[in-house]
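Here the protein sequences come in this chain order: A and B. Sequential numbering from 67 applies to the first sequence in my numbering. Sequential numbering from 41 applies to the second sequence in my numbering. Ideal Cβ positions, reconstructed from N, Cα and C, are used throughout, including at glycine. Computed from a prediction, not measured in an experiment: that's the story for all the values here. In what follows, a structure is listed as structure tokens, so that the remarks can point back to it.
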Amino acid sequence: MSGESVVFWITGIFAVVGALGMIVSRKAVHSALWVAFAMVNLAILYFTLEAPFLATTQIVVYTGAVMMLFLFVLMIVGVDSSDSLLETLKGQRLLAILFGLAFGALLISAITSTISVRNNGLEVANGDYGGNIQGLAHLIFGRYLLAFEVTSALLITAALGAMVLAHRERWTPRKTHIEMSKERTFSNQVTPLPNPGVLARHNAVDTPALLPDGSPSQASLPVQFRETAQDSDNSKEVTS
Amino acid sequence: MNPNNYLILAAILFTIGAFGVVIRRNAIIVFMSVEMMLNAANLAFASAAHTTGSLDGQVIAFFVMVVAAAEVVVGLAIIVTIFRTRRSASIDEANLLKY
């Protein structure tokens, strides 16, 4: 076996494993990490295909930028948002599996039965202008110049679109300092809330402070950690 | 090595991506599956460049990457906007246009 086929079989199997891991893992963060794994393996495959520029771009753009953007959005949307395994459409899973198998069989049989090409290699094409990047630059800024310019317009439009979509309109006027202090004065709690019991017994912000009579004070906790009867019921529903 | 192996790998990855789009309900995972399909197409382009001995396939794969980056930015912004209004990233929740 040549070195190329060794690399192909190892990274190809890893890429398929990464793609399958994306499908089967219930948590979206795990899926994102599996996809990043598969993409790094694809980058190694690009190196064996004599495309070093494409391989580097794959690592920088896909695993570096795109997947980190995915993780960033996952943090906004909520890391705990795992899929419900409830089937909303009847028989969808079975049909999807059948569709996947049929589609894959169709593609693979089409490729193996019809396409038989000689492997020309890229030594000549890469050597024409002194390297892979130089050759790509010659093509991008020569034959594909118009497409390249249109791509820049596309990127600017995408950036504008993301800004427009992510912009949140402010419906209520911003509170002034005077209004805030008035609100504070007329509320039940004029003084600051008690601190959580950090360093008293635990070094954690979710440990409630103990009041003089020994009972824990829920008001000392950040809102997310406060426990009320209704909250504990809800959290059970969410985690189940 | 037989260049068809790369195409078969690309076909397998594309199939897995399409399967993920059909079967998962979380919009972000559906989006990752779309990315996987684009990556499979890129692999096919790169292997085509290798077999034909010209760099055009690599240039096309490069353009695919750029388009994918733009698509990710807009798509994730849409997902965040939907999440803000419906408090859910499930594609079953976004059904206002259904009837």
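Does any CB atom of chain A fall closer than 9 Å to the CB of residue i?
i: L136 (chain B); result: no
i: A51 (chain B); result: yes
i: A81 (chain B); result: no
i: R147 (chain B); result: Since the first and last residues shown for chain B are 41 and 139, residue 147 (chain B) lies out of range.
i: R146 (chain B); result: Absent from the structure is residue 146 (chain B), since the part of chain B shown begins at 41 and ends at 139.
Please report the straight-line C-alpha distance between residue i and residue j, rounded to a whole angstrom.
i: L135 (chain A); j: V107 (chain B); result: 15 Å
i: Q158 (chain A); j: I89 (chain A); result: 15 Å
i: G78 (chain A); j: L115 (chain A); result: 13 Å
i: P288 (chain A); j: A88 (chain B); result: 57 Å
i: F214 (chain A); j: L226 (chain A); result: 19 Å
i: F103 (chain A); j: R184 (chain A); result: 31 Å
i: T121 (chain B); j: A131 (chain A); result: 21 Å
i: G280 (chain A); j: M77 (chain B); result: 59 Å
i: Q284 (chain A); j: V61 (chain B); result: 44 Å
i: L172 (chain A); j: T55 (chain B); result: 10 Å
i: P43 (chain B); j: Y195 (chain A); result: 25 Å
i: I118 (chain B); j: L120 (chain A); result: 28 Å
i: R127 (chain B); j: T180 (chain A); result: 49 Å
i: S175 (chain A); j: F169 (chain A); result: 10 Å
i: R292 (chain A); j: S286 (chain A); result: 9 Å
i: S73 (chain B); j: L108 (chain A); result: 15 Å
i: I125 (chain A); j: N135 (chain B); result: 36 Å
i: G57 (chain B); j: A109 (chain B); result: 17 Å
i: A232 (chain A); j: L140 (chain A); result: 15 Å
i: V230 (chain A); j: K138 (chain B); result: 25 Å
i: L161 (chain A); j: H204 (chain A); result: 47 Å
i: R64 (chain B); j: T154 (chain A); result: 11 Å
i: L47 (chain B); j: V73 (chain A); result: 15 Å
i: R209 (chain A); j: Q290 (chain A); result: 57 Å
i: V127 (chain A); j: L86 (chain A); result: 22 Å
i: L49 (chain B); j: W75 (chain A); result: 10 Å
i: S68 (chain A); j: M41 (chain B); result: 8 Å
i: F59 (chain B); j: S247 (chain A); result: 56 Å
i: E249 (chain A); j: V256 (chain A); result: 9 Å
i: G144 (chain A); j: K93 (chain A); result: 11 Å
i: K302 (chain A); j: V271 (chain A); result: Low per-residue confidence applies at K302 (chain A): pLDDT is 42, beneath 50, and the placement is therefore not dependable enough to give any value.
i: F252 (chain A); j: N261 (chain A); result: 22 Å
Got a sec: is the Cβ-Cβ distance from residue i to anything in chain B below 9 Å?
i: N261 (chain A); result: no
i: M246 (chain A); result: no
i: V101 (chain A); result: yes
i: R159 (chain A); result: yes
i: G78 (chain A); result: yes
i: G280 (chain A); result: no
i: E70 (chain A); result: yes
i: T238 (chain A); result: no
i: V264 (chain A); result: no
i: F74 (chain A); result: yes
i: V289 (chain A); result: no
i: V106 (chain A); result: no
i: T251 (chain A); result: no
i: N185 (chain A); result: yes
i: L173 (chain A); result: yes
i: S283 (chain A); result: no
i: R234 (chain A); result: yes
i: V82 (chain A); result: yes
i: A94 (chain A); result: yes
i: S97 (chain A); result: yes
i: T273 (chain A); result: no
Chain C partners of residue i, CB-CB under 9 Å?
i: V74 (chain B); result: In the structure shown, chain C does not exist; the protein chains are A and B.
Name, going along the chain, the residues of the stretch 83 to 109 of chain B whose beta-carbon falls closer than 8 Å to a beta-carbon of chain A. L83, A86, S87, A89, H90, T91, T92, G93, S94, L95, D96, Q98, V99, A101, F102, F103, M105, V106, V107, A108 and A109
Taking 8 Å as the cut-off, does the stretch 130 to 139 of chain B touch the stretch 226 to 241 of chain A (at least 3 CB pairs, one atom from each stretch)? no
Can you list, in chain order, the residues of the stretch 188 to 221 of chain A whose Cβ is nearer than 7 Å to any Cβ on chain B? L188, V190, A191, G201, L202, L205, I206, Y210, A213, T217, L220 and L221
Kindly confirm or deny that the stretch 88 to 102 of chain B and the stretch 182 to 193 of chain A touch, where touching means at least three C-beta pairs closer than 8 Å. yes
Do the stretch 98 to 106 of chain B and the stretch 73 to 85 of chain B make contact, defined as three or more Cβ pairs closer than 8 Å? yes
Hey, which unbroken runs of the alpha helix (DSSP H) at 4 residues or more fall wholly within the stretch 151 to 186 of chain A? 158 to 180
I want to know whether the stretch 64 to 72 of chain B touches the stretch 162 to 169 of chain A - three or more CB-CB distances under 8 Å. no
Of the residues that make up the stretch 111 to 127 of chain A, which ones have a beta carbon closer than 8 Å to any beta carbon in chain B? L111, Y112, L115, E116, A117, F119, L120, T123, Q124 and V127
Segments assigned alpha helix (DSSP H), at least 4 residues, entirely inside the stretch 85 to 141 of chain A: 94 to 114 and 118 to 123
Taking contact to mean at least 3 C-beta pairs separated by less than 8 Å, is the stretch 125 to 140 of chain A in contact with the stretch 89 to 98 of chain A? yes
Between the stretch 129 to 145 of chain A and chain B, which residues of the former have a C-beta closer than 9 Å to a C-beta of the latter? A131, V132, M133, L135, F136, F138, V139, L140, I142, V143 and G144
Curious, which full-length alpha helix (DSSP H) runs of at least 4 residues does the stretch 220 to 300 of chain A contain? 243 to 252
Going along the chain, which unbroken runs of the alpha helix (DSSP H) with 4 or more residues stay wholly within the stretch 62 to 106 of chain B? 67 to 92
Return the residues of the stretch 111 to 123 of chain B that lie within a Cβ-Cβ distance of less than 7 Å from chain A, sorted by chain order. V112, V113, V114, L116, A117, I118, I119, V120, T121 and F123
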